[in-house]
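Q: Got a structure here, written out as structure tokens. Questions coming.
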Amino acid sequence: MIRYRPALAALFAVPAIAAAQTTPQTDPALSEQGPYRWGLGVGAEAADSPFAGEGTRINPIPLVLFEGERFFFRGISGGAHLVTGDRFGLDAIVALRLDGVDANDLGAAELARNGIDRALLEDRDDGLDVGLAAAWRGRSGELELTAKGDVTGTSDGYELTARYGYAIGVGGGQLTPSISVSHLSSDLANYYYGTLDEEVARGGVQYTPGSAIVTTVGLTYLRPIGKRWQFLTRLQYSVLPGALSDSPLLEPDRDGVGSVMVGVSWGF
1 MIRYRPALAA LFAVPAIAAA QTTPQTDPAL SEQGPYRWGL GVGAEAADSP
51 FAGEGTRINP IPLVLFEGER FFFRGISGGA HLVTGDRFGL DAIVALRLDG
101 VDANDLGAAE LARNGIDRAL LEDRDDGLDV GLAAAWRGRS GELELTAKGD
151 VTGTSDGYEL TARYGYAIGV GGGQLTPSIS VSHLSSDLAN YYYGTLDEEV
201 ARGGVQYTPG SAIVTTVGLT YLRPIGKRWQ FLTRLQYSVL PGALSDSPLL
251 EPDRDGVGSV MVGVSWGF
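Quick note on the UniProt record's numbering: the sequence shown kicks off at 1 and runs consecutively.
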């Protein structure tokens with residue numbers, strides 16, 4: 001089954017500072033995008049959800065972007081540049097976490113085969129994270145480290161991520177293979193992949209995966225179209241460790257999540 005969920009995403013960054021300076025990005029391919037402060041665009045992402053019975057999740061992506069000398073806003077994230085240099089950048093960030101799941105979007109029959117009664121489940125809500133992102137750029141590519149934690153009381157968890165990307169000029173655009181490794185705290189993993197105390201109290205299955213490491217590989221292509229338009233597409237695959245893939249909320253034997261995204265933006 002295909003599920004549609006409106007969302008925002010930081011697909012493009014439009015830095016107002018010189019391209020040679022380094023600022024942390026949501027994707028290493030988005031480091032250089034011209035001199036425009038504002039960007040408007042639209043895109044869509046399709047992901048094969050690992051949750052039982054949810055099927056393909058399609059997210060329409062409206063884009064409203066701003067990149068100033070000090071402050072920035074990139075779809076679902078924003079913040080302030082604390083340090084901006086030729087090879088190193090440090091940002092304070094605020095970002096939405098759009099990992100929420102509506103229990104009614106899951107398949108009752110699929111959950112029942114896992115020993116779960118859908119009627120006993122709570123929704124998993126989206127959250128808001130605050131943290132820091134640091135980036136180092138050189139001839140060998142870009143390394144970004146991000147630390148962020150939930151401040152809404154949704155999961156009370158945190159995530160630590162290291163991402164490396166190397167940009168290659170291809171066909172008038174920029175192709176960036178990347179790999180990232182994320183540590184999900186036990187609170188974060190338990191909330192989104194485990195069963196909650198109130199669900200267990202109703203007679204549901206108890207499952208707490210604990211902290212987990214998720215590895216993601218990606219391939220992003222960014223290409224200017226004229227002076228102001230840009231096209232972007234990204235393929236991504238995340239490998240779920242056994243602690244997460246064994247969750248009774250997920251499809252059996254699902255050890256990964258694939259997604260594809262396309263979008264365009266106009267800078268001004």
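Beta carbons are placed, not taken as given, at the ideal position from N, Cα and C, and that holds for glycine.
#1: Given this structure, state the Cα-to-Cα distance separating G157 from F72, to the nearest angstrom.
#2: Per DSSP, which residues does S77 bridge with? Please list them.
#3: Given that a residue counts as buried once 16 or more other Cβ atoms are within 10 Å of its Cβ, and exposed if not, what is I93?
#4: In this structure, how does DSSP classify F268 when only helix, strand and coil are distinguished?
#5: Please list, in chain order, all residues of the same chain as Y191 whose beta carbon is under 6 Å from its beta carbon, the five residues on each side excluded.
#6: Out of curiosity, what's the CA-to-CA distance linking V217 and S49?
#7: Quick check on this structure: which residue in W136, G138, G55, V257 has the alpha carbon closest to the alpha carbon of L244?
#8: Short of 6 Å in beta carbon distance, which residues of its chain neighbour D123, apart from the five on each side in sequence? Order them along the chain.
#9: Assign I61 to one of two classes, buried (16 or more other C-beta atoms within 10 Å of its C-beta) or exposed (fewer than that).
#10: I'd like the list of long-range same chain contacts for A18, defined as Cβ closer than 6 Å, with 5 residues on each side in sequence excluded.
#11: Please confirm whether I116 and L240 have their CB atoms less than 8 Å apart.
#12: Ends of the alpha helix (DSSP H) at A119?
#13: Could you give the distance in angstroms between the alpha-carbon of L121 and the alpha-carbon of T195?
#14: Where do the N-terminal and C-terminal ends of the beta strand (DSSP E) with V130 fall, by residue?
A: Considering the structure as presented:
#1: If you draw a straight line from the Cα of G157 to the Cα of F72, it comes to about 25 Å.
#2: S77 pairs with R74, A95.
#3: Label assigned to I93: buried.
#4: Coil.
#5: S155
#6: Taking the straight line joining both Cα atoms gives about 17 Å.
#7: For the set W136, G138, G55, V257, the Cα lying nearest the Cα of L244 is the one of V257.
#8: Apart from the 5 residues on each side of it in sequence, D123 sits with its Cβ closer than 6 Å to the Cβ of D102, A103 in its chain, given in chain order.
#9: buried
#10: Note that A18 scores 27 on pLDDT, short of 50, meaning its location in the model is unreliable; the coordinates nonetheless yield the value given after this. There are no such residues.
#11: no
#12: First-last for A119: undefined, no H or E at that position.
#13: 8 Å
#14: 127-138
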